[in-house]
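> Have a look at this one.
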Amino acid sequence: MKVLLVCPEYPDTFWSFKHALRFVSKGAGQPPLGLLTVAALLPPEWEKRLVDLNVRPLADGDLHWADLVFLGGMAVQDESARRVIRRCREAGTPVVAGGPLFTARHAEFDGVDHFVLNEAEITLPLFLDDLRRGCPKHVYTTAAWADLATTPLPRWELIDPRHYATMNIQYSRGCPYDCEFCDVTVLFGHAPRTKSAGQVIAEMDAILRTGWRGHLFFVDDNFIGNRVKLKREVLPRIVHWMEEHGHPFSLGTEASLNLSDDPELLTLMTRAGFEEVFVGIETPNVESLEECRKTPNRNRDLLASVRTLQQAGLQVQAGFIVGFDSDPPVIFDRMIRFIEESGIVVAMVGLLSAPVNSRLHERLGRENRLLRAFTGNNTDFTMNFVPRMDPEALLDGYRRVVRTLYSPAAYYRRVKDFLETQGRPARHRAPVEAVHVRALLESMLMLGVLGRGRLAYWRLVAWSLLRRPRQFSTAITLAIYGFHFRRVFELHGQARTA
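The working numbering puts the last residue of the sequence shown at 606; the count rises by one with no breaks.
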């Protein structure tokens with residue numbers, strides 16, 4: 109059996125980093141970890157190829173070679189996934205589809221031969237057994253949760269790491285919280301399920317064997333969901349492994365903001381090499397936090413919590429939302445002020461959206477407020493429901509927030525504020541390669557010569573060289589990120605007003 113695994117293309121979004129990747133000659137931010145894991149669950153004797161459409165196009169020869177196409181994806185990849193399905197039908201190649209996009213909305217897709225939904229550790233073996241017997245069904249689903257001890261090592265040999273800006277790893281699934289706008293608990297449950305420390309180390313060994321040296325991101329929705337296991341088993345093993353191997357990776361992840369309440373966990377994470385963490389702050393408005401049941405952020409000094417993480421040495425990246433029913437008219441000014449005071453450089457401010465099957469989607473359905481399909485992109489200036497606030501006022505306020513925050517002067521000022529606040533310097537020191545030199549020169553051209561805010565860019569360059577030379581590469585990286593963020597907001601904002 110010849111199997112082609114296909115990752116659909118990501119559109120131009122906040123997290124696609126498409127406009128930043130050109131500076132470092134990379135095709136995509138991260139490899140398709142889900143498909144690499146699925147490949148490891150398939151029979152070893154099957155021939156396997158992987159095509160990531162973010163790296164290269166899908167050729168007719170790929171489809172003619174394959175006996176089956178395995179297609180995975182998330183909501184934001186909807187349009188590309190539909191194009192792949194059409195091409196498979198035209199080529200006469202059967203399609204097996206799975207992943208969050210299809211688990212939530214498989215009934216919306218025509219042309220798929222078999223849906224293998226929910227977690228592949230459970231449903232994929234059922235499909236494979238039926239396929240061997242010659243009687244595969246159309247839909248495979250389960251209400252059970254997988255034991256991650258059964259999750260195999262991803263098949264890293266199917267990709268070329270040089271095409272990616274970072275590698276990725278998954279330690280846990282599930283989240284103990286239940287924010288109304290989030291579908292993570294629908295997909296993965298409330299009780300965090302984890303891999304063993306041995307599995308994590310084996311995956312780090314496997315990534316190291318690919319020749320990769322650089323950033324490694326833990327894609328867990330809440331890395332600290334099981335704190336006891338992290339502190340007793342997993343992080344001490346990572347600390348030892350990193351010391352033994354000379355800190356070949358810098359680490360990042362996603363976590364709830366109450367990470368700031370646990371000094372022991374923070375210390376272990378920074379010793380292990382974690383340098384960035386994405387947190388969901390959502391809003392400085394207390395009533396909106398109550399509305400969406402953002403439990404970890406209630407009764408909390410949000411600004412102080414962010415400062416605690418920064419002073420521990422972590423770059424805090426954060427998600428923010430406007431459009432809650434409880435948002436007052438002044439929310440836009442409060443959002444701008446909070447982000448500027450916090451020194452959060454990578455601040456993803458989006459319009460509230462209701463993912464399919466989330467509690468928010470169910471509530472809005474009962475209230476007859478749902479409008480259009482969920483795009484999975486909350487920074488594209490669209491909403492899939494009728495907000496309480498006047499829609500035009502909401503859009504105008506949102507547009508003002510992102511224009512203010514991502515204007516070159518304001519953005520570079522936040523970079524400087526963060527670098528002044530950040531604690532210990534990074535332990536991972538990547539060797540300077542040609543790609544880094546090219547990124548620096550490209551940034552000087554695009555941002556320092558051709559870009560808006562040229563003077564602010566050169567001020568940041570001079571300040572970081574003189575005052576924070578060990579963080580100079582971070583300053584340039586963040587400056588390049590800013591170029592991408594501005595382009596995304598400009599393009600989506602123009603499309604919305606056209």
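Idealized CB from N, CA, C, for every residue including glycine.
Assuming residue 264 contacts residue 315 under a Cβ cut-off of 8 Å, what Cβ separation, rounded to an integer in Å, is found between them?
Here residue 264 is taken as the residue at index 156 of the sequence shown, counted from 1. Here residue 315 is taken as the residue at index 207 of the sequence shown, counted from 1. Going by Cβ atoms, the distance from residue 264 to residue 315 rounds to 7 Å, so yes, they are a contact pair.
> Quick check on DSSP: helix, strand or coil for residue 276?
Along the sequence shown, one-based indexing puts residue 276 at 168. Under the three-state reduction of DSSP, residue 276 is assigned to strand.
> From which residue to which residue does the beta strand (DSSP E) around residue 456 run?
Taking the sequence shown and counting its residues from 1, the one referred to as residue 456 is at position 348. Annotation: the continuous beta strand (DSSP E) that includes residue 456 extends over 455 to 459.
> What is the DSSP secondary structure of residue 115, counted as helix, strand or coil?
By one-based count along the sequence shown, residue 115 stands at place 7. Residue state, collapsed to three classes: strand.
> Please report the distance separating the alpha-carbon of residue 250 from that of residue 282.
Here residue 250 refers to the residue found at position 142 of the sequence shown. Here residue 282 refers to the residue found at position 174 of the sequence shown. Their Cα atoms are separated by approximately 16 Å.
> Going by DSSP in three states, residue 259 sits in which element: helix, strand or coil?
Taking the sequence shown and counting its residues from 1, one reaches residue 259 at position 151. If DSSP states are grouped into helix, strand and coil, residue 259 belongs with coil.
> Find out if the Cβ-Cβ distance for the pair residue 111, residue 174 is shorter than 8 Å.
Translated into the one-based positions of the sequence shown, residue 111 becomes position 3. Translated into the one-based positions of the sequence shown, residue 174 becomes position 66. If you check the CB distance, residue 111 and residue 174 come in under 8 Å.
> Suppose the cutoff is 7 Å on Cβ atoms and the five residues either side in sequence are ignored; what does the same chain contact list for residue 252 look like?
In the sequence shown, the residue the question calls residue 252 occupies position 144. So the list reads 230, once near-sequence residues are dropped.
> Confirm, please, whether the CB-CB distance from residue 458 to residue 429 is below 8 Å.
Along the sequence shown, read from residue 1 onward, the residue named residue 429 stands at position 321. Along the sequence shown, read from residue 1 onward, the residue named residue 458 stands at position 350. Cβ atoms of residue 429 and residue 458: closer than 8 Å.
> Exposed or buried, residue 226, counting other C-beta atoms within 10 Å across all chains shown (16 or more means buried)?
Reading the sequence shown from its first residue, position 118 is the one you call residue 226. Counting Cβ neighbours within 10 Å, residue 226 comes out buried, since at least 16 surround it.
> With distances taken between CB atoms, is the gap from residue 180 to residue 207 smaller than 8 Å?
The sequence position of residue 180 within the sequence shown is 72, counting from 1. The sequence position of residue 207 within the sequence shown is 99, counting from 1. The criterion of a C-beta distance shorter than 8 Å is satisfied by residue 180 and residue 207.
> Quickly, what does DSSP pair residue 348 with across the bridge? List them, please.
The residue given as residue 348 occupies position 240 in the sequence shown. Beta-bridge pairing links residue 348 to no other residue.
> DSSP has residue 205 in a bridge; who is on the other side?
As a first step, residue 205 is located in the sequence shown; it is residue number 97 there, counting from the start. DSSP lists 179 and 223 as partners of residue 205.
> In chain order, what residues of the same chain lie with their CB nearer than 7 Å to the CB of residue 571, ignoring the 5 residues before and after it?
Locating residue 571 in the sequence shown gives position 463, where the first residue counts as 1. Counting only Cβ-Cβ distances below 7 Å, and skipping sequence neighbours, we find 524.
> Put residue 605 into one of helix, strand or coil per three-state DSSP.
Residue 605 sits at position 497 when you count from the first residue of the sequence shown. With a pLDDT of 48 at residue 605, under the threshold of 50, the modelled position of that residue is not reliable, and the figure given next carries that caveat. Residue 605: helix per DSSP, three-state reduction.
> Would the beta-carbon of residue 590 fall within 8 Å of that of residue 506?
What you label residue 590 is simply residue 482 of the sequence shown in a count that begins at 1. What you label residue 506 is simply residue 398 of the sequence shown in a count that begins at 1. No, the pair does not count as a contact, with Cβ atoms beyond the cut-off.
> I'd like to know whether the C-beta atoms of residue 274 and residue 138 end up nearer to each other than 8 Å.
Counting from 1 along the sequence shown, the entry for residue 274 is found at position 166. Counting from 1 along the sequence shown, the entry for residue 138 is found at position 30. Closer than 8 Å, so yes.
> Short check: CB of residue 607 to CB of residue 526, under 8 Å?
Limits of the chain in this structure are 109 at one end and 606 at the other, which puts residue 607 out of reach.
> The beta strand (DSSP E) that contains residue 426, what's its start and end?
Here residue 426 refers to the residue found at position 318 of the sequence shown. Taken as a continuous stretch (DSSP letters only), the beta strand (DSSP E) holding residue 426 covers 423 to 430.
> Nearest to residue 109 by alpha carbon, out of 176, 384 and 411?
Counting from one through the sequence shown, the residue named residue 109 turns up at place 1. Looking at the Cα atoms, 176 is the closest of the given residues.
> Using 8 Å as the threshold, is the region 277 to 292 in touch with the region 149 to 165, meaning 3 or more CB pairs across them?
no
> For residue 245, collect the residues of the same chain with a Cβ closer than 8 Å to its Cβ; drop the 5 residues on either side in sequence, then sort them by chain order.
In the sequence shown, residue 245 corresponds to position 137, counting from 1. So the qualifying residues of the chain are 222, 235 and 238.
> As a quick exercise: from 351, 285, 150 and 272, pick the residue whose alpha carbon is nearest that of residue 259.
Reading the sequence shown from its first residue, position 151 is the one you call residue 259. Looking at the Cα atoms, 150 is the closest of the given residues.
> Within the same chain, show all residues whose beta-carbon is closer than 6 Å to that of residue 360, passing over the 5 residues directly before and after it, in chain order.
Here the question's residue 360 lines up with position 252 in the sequence shown. Here the set comprises 325 and 384.
> With 16 other CB atoms within 10 Å as the buried threshold, where does residue 243 fall?
In the sequence shown, counting from the first residue as 1, residue 243 sits at position 135. Exposed, by the Cβ-count rule.
> Does residue 520 come out as helix, strand or coil in the three-state DSSP assignment?
Numbered from its first residue, the sequence shown carries residue 520 at position 412. Residue state, collapsed to three classes: helix.
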